[in-house]
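Residue numbers (the numbering used here): 1 to 72.
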């Protein structure tokens with residue numbers, strides 16, 4: 001039976017590439033506007049979104065830990 005593991009790996013690789021390109025474009029825009037607040041905002045938001053893109057298993061383990069602490 002065929003699996004979708006190759007397709008999943010390809011999609012995750014492409015998502016990472018798109019994320020990095022968008023992040024670079026956003027930082028260039030912040031530098032162009034000379035806005036420190038905008039640059040810091042892009043870095044913070046990019047870090048949060050980057051966790052989902054580059055380490056989805058980390059978010060799953062975090063969700064499981066929170067579920068255990070909250071009693072769900």
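Here a beta-carbon is modelled for each residue, glycine too, at the ideal position from N, C-alpha and C.
Item                                                                                                                                                                   : Value
Take residue 24 as the anchor and find which of 61, 60, 10 and 47 has the nearest alpha-carbon.                                                                        : 47
Over the uninterrupted alpha helix (DSSP H) stretch that includes residue 61, give me the two end residues.                                                            : 56 to 70
Roughly how far, in whole angstroms, is the beta-carbon of residue 19 from the beta-carbon of residue 53, given that I think they are within contact range, below 8 Å? : 5 Å
Are the Cβ atoms of residue 27 and residue 43 separated by less than 9 Å?                                                                                              : yes
Would you say the beta carbon of residue 40 is closer than 8 Å to some non-hydrogen atom of the ligand FMN?                                                            : No copy of the ligand FMN appears in this structure; indeed no ligand is present at all.
Is the distance from the Cβ of residue 29 to the Cβ of residue 36 below 9 Å?                                                                                           : no
Going by CA-CA distance only, name the one from 33, 12 and 32 that's closest to residue 51.                                                                            : 12
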